[in-house]
Structures are given as C-alpha cells and as structure tokens.
Amino acid sequence: MSDLYHKVSNSPVGRSVVSALNLPAPVVLERQNRTDAPFLEGEVLLSGAPGGAALETICTVLGASTASLFALDAKPLVAASDIKTKTKVSALKADAIDPKQRFKALVFDATGITTTEQLKTVYEFFHPVIRNVAKCGRIVIVGTEPSACATPAMAASQKALEGFIRSVAKETGKKGITAQVIYATPGAENQIESPLRFCLSPRSAYVSGQTLSVSKATKSKAAFDWSSPLKGKVALVTGASRGIGEAIAKTLARDGATVVCLDVPQANEALESVAASIGGSALALDITAPEAPEVISSHFQKEHGGLDIIVHNAGVTRDKTLGRMPEHFWDMLIDINLSSEERINDALFANEVFNKNARIVCVSSISGIAGNVGQSNYAASKSGVIGYVESLSKQLKGGVTINAVAPGFIETQMTAAIPFMIREAGRRMNSLNQGGQPEDVAEAIAFFSSPASQGVNGNILRVCGQSLIGK
Ligand code: NAD
Numbered sequence: 001m002s003d004l005y006h007k008v009s010n011s012p013v014g015r016s017v018v019s020a021l022n023l024p025a026p027v028v029l030e031r032q033n034r035t036d037a038p039f040l041e042g043e044v045l046l047s048g049a050p051g052g053a054a055l056e057t058i059c060t061v062l063g064a065s066t067a068s069l070f071a072l073d074a075k076p077l078v079a080a081s082d083i084k085t086k087t088k089v090s091a092l093k094a095d096a097i098d099p100k101q102r103f104k105a106l107v108f109d110a111t112g113i114t115t116t117e118q119l120k121t122v123y124e125f126f127h128p129v130i131r132n133v134a135k136c137g138r139i140v141i142v143g144t145e146p147s148a149c150a151t152p153a154m155a156a157s158q159k160a161l162e163g164f165i166r167s168v169a170k171e172t173g174k175k176g177i178t179a180q181v182i183y184a185t186p187g188a189e190n191q192i193e194s195p196l197r198f199c200l201s202p203r204s205a206y207v208s209g210q211t212l213s214v215s216k217a218t219k220s221k222a223a224f225d226w227s228s229p230l231k232g233k234v235a236l237v238t239g240a241s242r243g244i245g246e247a248i249a250k251t252l253a254r255d256g257a258t259v260v261c262l263d264v265p266q267a268n269e270a271l272e273s274v275a276a277s278i279g280g281s282a283l284a285l286d287i288t289a290p291e292a293p294e295v296i297s298s299h300f301q302k303e304h305g306g307l308d309i310i311v312h313n314a315g316v317t318r319d320k321t322l323g324r325m326p327e328h329f330w331d332m333l334i335d336i337n338l339s340s341e342e343r344i345n346d347a348l349f350a351n352e353v354f355n356k357n358a359r360i361v362c363v364s365s366i367s368g369i370a371g372n373v374g375q376s377n378y379a380a381s382k383s384g385v386i387g388y389v390e391s392l393s394k395q396l397k398g399g400v401t402i403n404a405v406a407p408g409f410i411e412t413q414m415t416a417a418i419p420f421m422i423r424e425a426g427r428r429m430n431s432l433n434q435g436g437q438p439e440d441v442a443e444a445i446a447f448f449s450s451p452a453s454q455g456v457n458g459n460i461l462r463v464c465g466q467s468l469i470g471k
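When we follow full-length UniProt numbering, the leftmost residue of the sequence shown carries the number 1, and every step to the right adds one.
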C-alpha cells in the first residue's frame, strides 16, 4: 500500500515544506533482501562494563561482517587490549572522534553490570558518541536476563537497560536508527549470534525499542550457512495468498525453505500464483474447518515426511464496539485467530508431524498488547496468542521453539481499509514516523525460524517502529 506523505516528504520540495512546518519527516529505511550481502557494513564502536561475558562473542560475530571494529577507550570501560578475540579491534579515544564521524552501530556488553552504580558505564559509553550514529544505524546492548539475576541489585541494573534503550530508540528514531537489548540468561551468551545479526542488520529496519531473550541451548558445531539458513527445511505459512503471509512465504523461500502456502479456497488463484513464484505448493483450506488439523497433518506426513516450520499468520478483523458486536463476529474471529492455531498444533504434535528442532511462529498484534476501540474480539484473540506462546514455550521438548511477532501498523489491504484519519495516526504514531512493510514482519519471522535461533524461545517481538501504543 502507498504512503503518499512518506513519498512527498522525501522529495526535494516536500522536504523543505515538511521542515518549514516542523512536520514529522520519515526517513527511507534501509532494507536488505539479498542473501549474499554482509549483515553489517561500516564502522562499529563497541565496549562493555568490566567483568562481562559477551564481548568476545560479540567481536567474533562482528568479525563475520565487513565492519571495522573500534573499542571506545575510556575508563572504566573494557579496553581494546583486554578483548581476547581473533577479530581486529582498534582503540579509539572519545576526544579523537570527529563530530562528523558516523558509526553504523554501537554495541555494548552490559552483562558485567551487577550494581546500579555500575550503570554509569552505560552513560560513559553512549553519552560521547550517541550523536555520531549514522542514519539507519543500529544500537544494541547485550545484558543478563533480569529474571535470572542472582541479586535484586543486579536485576534492577539489568532491567534499567530496558528503559534506557526504549528512550534512546525514541530519541534517535527520526533518523531511522533502531535500538534493542538482547538479554541472555547466564551461560547463554554463546546463543546471541542469531539475534545479534538480526538486530544489527537492515532486516530489523522496523523493529525498535525491543528486548529479546535468549536461553541456553545445544549449539550445533557444524558450520552454518547464513546465506541459506533454511535450506532443507519444510515450512507451512497460513494466510499466504496476500499481504504479510505472502511476504513471509517469499522470505522463507529466499532463505532456502520449501514452502507450502495455505489460504481459503476462495483465494486459490492468488495462492497458486504466490506458491508458483517461489517454487512452493498451494494448499487451499479453511483453517477453521473441522477436518483442517488432520488434513494438514497427513499432507506433511505424506508429501514431506514431516514439518520444520509453521507460521500461523492467517487472521481477520471484524471491528465493532462491544455493545454493537454481533455474536458471529466474536465467534468466527476467535476461531480463526486463536482456536484453530491451537487445534492445528495439537494435531501436529499428536501425530508426531513436527521434526526435531521445529519452529512455531505466531502472529499477534499491538492491539493484543494495548487494546483498541472496536477490537475487543481482535485484541482478545491477539493477547490470547501471546498467552499461548508464553505458556507453550515452557513445555516444548526436542529443540522445538515457539515465538510470536506483534506487528504494529503494516501497509497491507487490512490497514488500507481503515478510515483515513485513523490510518494516518496509526502510520505516524511511532518512533520511525511511518508504517512498516509486510517484509519487515516476514524478516522477524525468518529470524525466529532459523536453526541458529535455538536459544530464542517464548519471545513476543513487536514489529511496530516502536509504536507509541502499548509498552
Ligand atoms: P490480510 O487480510 O491481507 O491477509 C490475511 C490472510 O489470511 C488472507 O489471505 C485471508 O484469506 C487469510 N485467511 C483468513 N481467514 C482464513 C481461514 N479461515 N483459513 C485460511 N486462511 C484465512 O491481512 P494481513 O494484514 O496480511 O495480516 C496478516 C496477519 O497479521 C493477521 O493475523 C493479522 O491479524 C496480523 N496483523 C496485521 C497487521 C497489519 O497492520 N496489517 C497488524 C498487526 C497484526
């Protein structure tokens, strides 16, 4: 869908009008669809609080990019000479930084912070250089999962990072800069590679002010092909004939998966066309049909010998304020957006269709986090998805994970149907001053679906440009 204001405000004349009237000026976000492109390019400034556990892993991960690494030389931060890594890290003093110098990313290891006084290291690192971050740059802090901290003081200092990063994201978002915290449980620092690559790359263009949690998991010793992370995997995407579902199917196929695209029989023509465009196959089926769970189970057993990735994307809205909402609006919406997902997963587990290390990804919404006028049914279904993911994530075995994305305002046919003024407000009320693209949601889902995201389980990731709605 088209955002005319975004286009006009990025034209030469529009830019001066927008500036003169002091209107929001959304930048053109950097996105990257090529699989052979480095995940990060340019100059990266890093450091950490003394005693941290993640800096070596951070340097090793960054060493796989084409970025040049610099460690900020300021007491009491960790110095370049203290970092034990094969990756070249040069020392850089704060007073040697040219005001015009631009860093593509700032990365800080905060896992060494155990007291609230030590939070000062965060200030020492970011304060002198925050204005030197490039347009569409990236800011990432790696911390320790607050609920896994040994003392209340440590939990306080680690949780403080969340408020810090959310504020920094709001201060820098107008330049297309994003900022996140990756929280690792103690001992899981070796699991940060996949979230770190995602957060630093253009693939997280519309994700900002978020936290991601990683926990311990068995790390494969085999070399991993980051350019084709889903090679050999079989995926099912529901609601794949258009919008976000179409983008998910295309993105998973780009990453090497064989994709089965599912949608209602009425959408079969568009569905066949999406499937054909990615060398996948189409499965025309209403997910609420009583036979759907068994049809899906036997399809994957017979045709593919199992299933590696399921993306529960199909969803509808049926908006009416509660007093005016007809019963069938409630019933059909809860059945499509919530109950059918459970029934399908139950059958796939019961019939042992899921392969080892399978990935389940659900699609929630910021409406499910904040609620919305006229959407009591929709918001209930989408917060239900969050409850389901958080609970099921604790029960899964065999390396299976479940996570959810919670999109904000995404430019699709669903949002094009919203009345103009409400649509404009939805688009602009976020730190990046624009709506997201279906591909932004798809990239987050591809990240969750990766075998490299083994330690990423039970997360709800907002893809909303840090919408002002909700937390
Ligand atoms: P869309 O209406 O463009 O696509 C939804 C697809 O789901 C359609 O192709 C539809 O035919 C299919 N579908 C509906 N009922 C089905 C059923 N019973 N069986 C099989 N398929 C069915 O919507 P979208 O904007 O692409 O949204 C995709 C998902 O993202 C939905 O779950 C939606 O709630 C969620 N979401 C969207 C936004 C947004 O801004 N667009 C924001 C938050 C969440």
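No residue lacks a Cβ here, since even glycine has one placed at the ideal position from N, Cα and C.
Note that the coordinates shown come from a computational prediction; the quantities given were computed from them, not determined experimentally.
- Of all C-beta pairs linking the region 150 to 161 to the region 105 to 115, three or more are shorter than 8 Å, placing the two stretches in contact.
- Around the beta carbon of G315, a 10 Å sphere encloses 16 or more other beta carbons of the protein chains shown; the residue is thus reported as buried.
- Between the C-alpha atoms of F39 and T251 there is a straight-line separation of about 16 Å.
- Closest in alpha carbon position to C59, among L69, F125 and P26, is L69.
- Fewer than three beta-carbon pairs drawn from the region 184 to 193 and the region 414 to 432 are found closer than 8 Å, and the two stretches are therefore not classed as touching.
- Put simply, of M421, K216, S201 and P26 the residue whose alpha carbon is nearest the alpha carbon of E443 is S201.
- Taken through DSSP and simplified to helix, strand or coil, T57 comes out as helix.
- Within the DSSP bridge table, the entry for D440 names no partner.
- Its chain contains D308 and V400 as the residues whose beta carbon lies nearer than 6 Å to that of A358, once the 5 sequence neighbours on both sides are disregarded; these appear in chain order.
- Assignment of S90 by DSSP, reduced to helix, strand and coil, places it in the strand class.
- In terms of Cα proximity to Y388, the closest of V373, T415 and G458 is G458.
- Separation of the CB atoms of L432 and G465 is rounded to 4 Å, and the pair is thereby assigned contact status at 8 Å.
- Under the three-state reduction of DSSP output, R254 falls in the helix class.
- Residue pairing from DSSP leaves Y388 without any beta-bridge partner.
- Using a cutoff of 8 Å, the CB of Q413 counts as near ligand 1, since one of the ligand's heavy atoms is closer than that.
- For the 9 Å CB-CB criterion, A406 and V463 form a contact.
- In the structure shown, the three-state DSSP call for G112 is coil.
- Annotation for N377 indicates a beta carbon at 8 Å or more from all heavy atoms of ligand 1.
- In the pairwise beta carbon analysis, the region 177 to 187 is classified as not touching the region 409 to 422: fewer than three pairs are separated by under 8 Å.
- With respect to the 9 Å criterion, N372 and R318 are not classified as neighbours on the basis of their beta carbons.
- Counting every other CB atom within 10 Å of its CB across the protein chains shown gives N345 a total of 16 or more, marking it as buried.
- Around the beta carbon of D225, fewer than 16 other beta carbons lie within 10 angstroms, which makes this residue exposed.
- Closer than 8 Å to some heavy atom of ligand 1: that does not describe the Cβ of A205.
- The three-state secondary structure of N313, taken from DSSP, is coil.
- Counting the other Cβ atoms within 10 Å of the Cβ of P195 gives 16 or more, which makes it buried.
- A235 sits in a strand when the DSSP states are folded into three classes.
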